[in-house]
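Trainee:
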Amino acid sequence: MSALYISLLIFEAILGVLMIILILLHAPKGDGMAGIGAAATVFSGKRGAEAGLDRLTWTIFGLFMLVCLFLGFGFVK
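Position 47 of the sequence shown, counted from 1, bears residue number 46 in numbering that gives the first Met the number 0, the numbering being contiguous throughout.
#1: In chain order, what residues of the same chain have a beta carbon less than 8 Å from the beta carbon of residue 4, not counting five sequence neighbours either side?
#2: If you count every other CB in all the chains shown that lies within 10 Å of the CB of residue 16, and 16 or more means buried, which is it?
#3: Which residues in the same chain have their Cβ closer than 8 Å to the Cβ of residue 56, if we skip the five residues on either side of it in sequence?
#4: Note down the Cα distance separating residue 46 from residue 54, rounded to an integer number of angstroms.
#5: Which residues in the same chain have their Cβ closer than 7 Å to the Cβ of residue 10, if we skip the five residues on either side of it in sequence?
Pasting the structure below:
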């Protein structure tokens with residue numbers, strides 16, 4: 000195993016933990032069955048912080064998938 004492979008494994012683990020934390024920071028989107036009557040509020044625009052959190056979560060997810068592909072297909076050995 001090369002140093003690059005080991006560092007990518009560590010980076011993937013860090014990205015995974017960071018993605019879990021970011022997903023848990025998201026605000027709940029509704030109240031389950033009780034929120035059906037107020038469904039219009041679910042589709043309203045996101046606030047700035049929530050939009051930024053979404054963007055950051057998707058960026059971390061993209062990086063995570065890219066590292067998974069590099070490691071999974073053996074581009075780095």
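Each residue gets a CB set at the ideal place from its N, CA and C atoms; glycine is no exception.
Mentor: Put simply:
#1: 70, 75 and 76
#2: exposed
#3: 18, 21, 22 and 25
#4: 12 Å
#5: 66
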